[in-house]
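Those letters in the sequence shown? Residues 5 to 423, per my numbering, in order.
No residue lacks a Cβ here, since even glycine has one placed at the ideal position from N, Cα and C.
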Amino acid sequence: MQGDGLRGSVRQILEFNGTRSSLKTSGHLKSCTQAAVAGAYGRARAGELEEIKLSSALDGSSFEVDMGRSTPHLETSDQQQALLDNKQILPLHRTRLARFQAILEEGHAAAGITILFSVVMGLVLGFAVPTDKNLPEGYDRASSILGWTYFACWWAGWYPQLIKNYLRKTVVGISFDFSIYNFIGFLCYSTFNCMLFFEPATRRAYRRLHEGVNSAVRINDVAFSLHCVFASFLGLVQIVMYEKGGQKVSRVCLIACTVTGGVCLFYLSGVIFSLQHFSALGFLYLLSYIKLVFTIVKYLPQMWLNHKRRSTSGWNVSNALTDMSGGLFSLSQQILDAYALKDMSILTGDVVKSALGLVSILYCAVLAGQHYFMYHDDTEKLGHLEEGELPGGEEGPLLSGQQARERIRQGSLDAQAVL
């Protein structure tokens, strides 16, 4: 960004949004890395900027440069100090919105609230909604409570991330492959659930295949899968609308989606033309297996992105914590149903539902480990920068705010090169 128009009464606002920063100057908006933002202090020193205000969405604090002060230090949220060439950063008030966003950044806090809400919602719906009369008395009510609790966990677990994206106006840190696999997988799974729950001919075909045993699909499964289609679609809309930070959909994901679409069209054609070995129930099982495969692989791109960035910033850990909780409740419901009916086909007849719970527990445990142990970098604190393009177009691991400012002062990081 050039220095034209920056003198006089111009006010430059730098908003730390968690992954990238918005640089607003005379109505112009440009995305820049937080390392580059640190270079604005040098421009302020040179007199190009009259006033700078820095608001942190990471911890809810705001800071401003007071041009009339000469105390050479930066007062950050964690009281770390750094020399800033005769400029003073002063803390301002916190807004309600910033405090709310700070809660979202504390993913475990958001997850705790979500899980508590889910348990309460599960109890209410478990007693309010009619139970499965195929289950013995007492077991039917317990199964209903477990089912609606897992539904509530997986339902509410979407929103901390969606709200966080909305507040930050960026999707940097979220794997686009993960989001696409999620949408396609749940589209397949909701079709499978709706047909087995609502379509009489499909239910009869299922009973013939499983020696008279009814499908394990419950109304909460239908509600859950339809809601996930809606929520995952919202996530894709955010990817289209918000700052991407140079992230793209991988070629592997594009190939996988193309092959999946081709296989579905091929099998559906066989069903339409009544070819041998092709059936409507078989097509539904194909959709369920697609969901199973996508469930197994969808977390891998997010894990790889976290590893490549050496950070989980931008991604909300509440996703993992609520997914694990939902998986535990889902598996518990199936095990309870199988025990009550003395029928293990409840676990084997709906492989996708069983796998959803198990895979969610295993993968989300790894993601939580990345956040809390492997790449724990205190990204909630203002003094830490997010990943972005360094001069030369190379990507690198995160620099702390102290490291970036030190490199700028030493001349090894040219902030103007990336502004």
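Should residue 280 go down as buried or exposed, given a rule of 16 or more other Cβ atoms within 10 Å for buried? The residue labelled residue 280 in the question sits at position 276 within the sequence shown. Burial call: exposed.
Less than 8 Å between the beta carbons of residue 285 and residue 206, yes or no? As a working note, residue 285 is residue 281 in the sequence shown. As a working note, residue 206 is residue 202 in the sequence shown. It is a contact, given that the beta carbons lie within the stated cut-off.
Return the chain-ordered ranges of every beta strand (DSSP E) run that is complete within the region 305-344 and spans a minimum of 3 residues. none
Proximity of residue 243 and residue 175 at Cβ, strictly below 8 Å: On the sequence shown, position 239 is the one that residue 243 refers to. On the sequence shown, position 171 is the one that residue 175 refers to. Contact flag set, yes.
Starting from residue 247, follow its DSSP beta bridges and name the residues at the other end. By one-based count along the sequence shown, residue 247 stands at place 243. DSSP output for residue 247 lists 174 as bridge partner(s).
What is the DSSP secondary structure of residue 183, reduced to helix, strand or coil? Residue numbering aside, residue 183 sits at position 179 when the sequence shown is read from its first letter. DSSP places residue 183 in helix when its eight states are reduced to three.
Check each candidate in 294, 347, 318, 371 and name the one with the smallest Cα separation from residue 328. Here residue 328 refers to the residue found at position 324 of the sequence shown. Checking every option, the nearest Cα to that of residue 328 belongs to 371.
Compare the C-beta of residue 364 against all C-beta atoms of chain D and say whether one is closer than 8 Å. Looking for chain D here will not work: only one protein chain is present.
When the distance is taken between beta carbons, is residue 228 closer than 8 Å to residue 159? Working through the sequence shown from its first residue, we reach residue 159 at position 155. Working through the sequence shown from its first residue, we reach residue 228 at position 224. At a Cβ-Cβ threshold of 8 Å, residue 159 and residue 228 count as neighbours.
Is it right to say residue 245 is buried, meaning 16 or more other beta carbons lie within 10 angstroms of its own, or is it exposed? Stepping through the sequence shown from its first residue, residue 245 is reached at position 241. Answer is exposed; the Cβ neighbour count stays below 16.
Anyone know if the C-beta pair for residue 304 and residue 359 falls short of 8 Å? Within the sequence shown, residue 304 is the residue found at index 300, counting from 1. Within the sequence shown, residue 359 is the residue found at index 355, counting from 1. No.
Residue 210 to residue 219 span [Cα, whole Å]: For this step, residue 210 is matched to residue 206 along the sequence shown. For this step, residue 219 is matched to residue 215 along the sequence shown. The alpha-carbon atoms of residue 210 and residue 219 are separated by roughly 7 Å.
What separation, rounded to the nearest whole angstrom, lies between the Cα atoms of residue 157 and residue 363? Within the sequence shown, the letter at position 153 stands for residue 157. Within the sequence shown, the letter at position 359 stands for residue 363. Each residue's Cα considered, the two are about 15 Å apart.
Sort 347, 257, 332, 239 by Cα distance to residue 168 and report the nearest one. Your numbering for residue 168 matches position 164 in the sequence shown. Of 347, 257, 332, 239, the residue nearest in Cα terms is 239.
Quick check on the burial criterion: 16 or more other C-beta atoms within 10 angstroms. Buried or exposed for residue 309? The sequence position of residue 309 within the sequence shown is 305, counting from 1. Label assigned to residue 309: buried.
For residue 222, which three-state DSSP category applies? As a first step, residue 222 must be located in the sequence shown, where it is residue number 218. Coil.
Just to check my reading of the structure: residue 233 and residue 190 have Cβ atoms closer than 8 Å, yes? What is that Cβ distance to the nearest angstrom? Locating residue 233 in the sequence shown gives position 229, counting from the first residue. Locating residue 190 in the sequence shown gives position 186, counting from the first residue. Yes, residue 233 and residue 190 are in contact; Cβ-Cβ is about 5 Å, under 8 Å.
Under 8 Å, with one C-beta from each stretch per pair, do the region 130-140 and the region 333-346 reach the 3-pair mark? yes
How long is the line joining the alpha carbons of residue 237 and residue 146, rounded to whole angstroms? In the sequence shown, counting from the first residue as 1, residue 237 sits at position 233. In the sequence shown, counting from the first residue as 1, residue 146 sits at position 142. Roughly 32 Å between the two C-alpha positions.
Using only alpha-carbon positions, find the residue among 265, 127, 171, 170 that is nearest to residue 155. To locate residue 155, count along the sequence shown from 1; it is residue 151. Nearest Cα to residue 155 within the set 265, 127, 171, 170: 127.
Between residue 216 and residue 250, what straight-line distance do the alpha-carbon atoms span, to the nearest angstrom? On the sequence shown, residue 216 is found 212 positions in, with the first residue counted as 1. On the sequence shown, residue 250 is found 246 positions in, with the first residue counted as 1. Cα-Cα distance, rounded: 54 Å.
Under the rule that 16 or more other beta-carbon atoms within 10 Å means buried, what is residue 88, buried or exposed? Position 84 of the sequence shown, counted from the first residue, corresponds to residue 88. Here residue 88 scores only 32 on pLDDT, less than 50, and its place in the model should not be relied on; the value that follows carries that caveat. Answer is buried; the Cβ neighbour count reaches 16.
Going by DSSP in three states, residue 280 sits in which element: helix, strand or coil? Mapped onto the sequence shown, residue 280 falls at position 276. In the structure shown, residue 280 sits in coil (DSSP, three-state: anything other than H, G, I, E or B).
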